[in-house]
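Numbering (our numbering), first residue to last: 39 to 359.
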Ligand SMILES: C[S@@+](CC[C@H](N)C(=O)[O-])C[C@H]1O[C@@H](n2cnc3c(N)ncnc32)[C@H](O)[C@@H]1O
């Protein structure tokens, strides 16, 4: 196999190996399904290297009782934490069929799914005609609804799990509008995105961050910021920070039950997301100029969007004012 960082995907020139990802040759990037103008899935097999060993060990959280089931899902570039902790939720065909119903998702989110989706969609400008990347698939109607809300956008969606991409592809194929029809779905790891630097005007992350171990979350955010253009926008829907007023935070039994199902949620909820995004942005030469925060369900959930500027521009503006 040839190796060169100059190589690009024939279908999408912004798809290049991330600088620290294993490098792939063009020949090895296969277009698995190409039925233009319908949405397409692009397979980026060689970029799906497992996380380095040192990382993998920190990603598993508290070691659960080992069993053979999760190992069946730990292949094809699926990170160990995803196979171990979430095979039953995201990787098993039966669960994808089961969970991908809006009423199931709505129940899991204590009846707030539609509110969250509306809140996130309300932050989108229907006139937007740039490139948007949704980092990982989600259950329910969020992705097709986003495509319909942004009919002029060039929509990209990535996920490491083929079963999830296939499911999103089915949903996009019945959604209305050019954005859904022209969407590009690619299989890759959120920790090593295969897109060029500064290649998206907007990045959307819907309920992914709390499902990533701490180190993986930091790498995924770095990658999100790397591919975002300096004047871009980052839109995040997530659990809110842990406080002491919401009843679901105060009742220990409820808190523990949720955190047993979501092993990385506890630490995520104790972090200051806005500070984290500011730090991550500054490492990519950007500054957060505006933060819009929309609490949902009394702050148990939130939709937050961040507007960016190149750091130098933001500094000179601050100097003038
Ligand atoms: C977005 S998250 C949670 C979605 C949320 N529970 C929902 O459905 O609204 C779940 C998705 O993230 C994907 N995923 C998790 N870790 C990933 C990683 N490191 N790289 C790419 N995809 C990942 C899983 O395959 C799954 O499709």
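Cβ coordinates follow ideal geometry from the N, Cα and C atoms, glycine included.
Given the structure is predicted, the values throughout are model-derived calculations rather than measurements.
Alpha helix (DSSP H) containing residue i: first to last residue?
{"i": "residue 296", "result": "290-299"}
{"i": "residue 134", "result": "131-137"}
{"i": "residue 206", "result": "200-211"}
{"i": "residue 165", "result": "Where residue 165 is concerned, there is no enclosing alpha helix (DSSP H), given that its DSSP letter is neither H nor E."}
{"i": "residue 146", "result": "140-146"}
{"i": "residue 230", "result": "Run containing residue 230: none; DSSP gives neither H nor E here."}
{"i": "residue 219", "result": "216-219"}
{"i": "residue 254", "result": "252-265"}
{"i": "residue 108", "result": "106-111"}
Could you tell me which residues DSSP pairs with residue i in its beta bridges?
{"i": "residue 362", "result": "Residue 362 falls outside the range modelled here, since the chain spans only 39 to 359, and no answer is possible."}
{"i": "residue 324", "result": "348"}
{"i": "residue 276", "result": "340"}
If you measure between the beta carbons of residue i and residue j, is that distance less than 8 Å?
{"i": "residue 251", "j": "residue 218", "result": "no"}
{"i": "residue 163", "j": "residue 190", "result": "no"}
{"i": "residue 327", "j": "residue 345", "result": "yes"}
{"i": "residue 261", "j": "residue 222", "result": "no"}
{"i": "residue 303", "j": "residue 309", "result": "no"}
{"i": "residue 194", "j": "residue 159", "result": "no"}
{"i": "residue 209", "j": "residue 186", "result": "no"}
{"i": "residue 275", "j": "residue 198", "result": "no"}
{"i": "residue 228", "j": "residue 174", "result": "yes"}
{"i": "residue 245", "j": "residue 286", "result": "no"}
{"i": "residue 333", "j": "residue 281", "result": "no"}
{"i": "residue 111", "j": "residue 121", "result": "yes"}
Reducing DSSP to helix, strand and coil, say where residue i ends up.
{"i": "residue 283", "result": "coil"}
{"i": "residue 192", "result": "strand"}
{"i": "residue 331", "result": "strand"}
{"i": "residue 246", "result": "coil"}
{"i": "residue 177", "result": "coil"}
{"i": "residue 159", "result": "helix"}
{"i": "residue 235", "result": "coil"}
{"i": "residue 303", "result": "helix"}
{"i": "residue 355", "result": "helix"}
{"i": "residue 118", "result": "helix"}
{"i": "residue 309", "result": "coil"}
{"i": "residue 74", "result": "Its pLDDT being 39, under 50, residue 74 is placed unreliably in this model, and the value from its coordinates should be taken loosely. Three-state DSSP puts residue 74 in coil, outside helix and strand."}
With a cut-off of 8 Å on the beta carbons, I'd call residue i and residue j a contact; round off their distance for me.
{"i": "residue 150", "j": "residue 330", "result": "19 Å between Cβ atoms; not a contact."}
{"i": "residue 272", "j": "residue 266", "result": "6 Å"}
{"i": "residue 177", "j": "residue 143", "result": "5 Å"}
{"i": "residue 306", "j": "residue 247", "result": "6 Å"}
Does the beta carbon of residue i fall short of 7 Å from some heavy atom of ligand 3?
{"i": "residue 202", "result": "Although ligand 3 was asked about, the structure shown includes only ligand 1 as ligands."}
With 8 Å as the threshold, decide whether the Cβ of residue i is near any Cβ in chain B.
{"i": "residue 139", "result": "The chain labelled as chain B is not found in the depicted structure, where only one protein chain is given."}
Considering residue i, what are the terminal residues of the beta strand (DSSP E) in which it resides?
{"i": "residue 348", "result": "339-348"}
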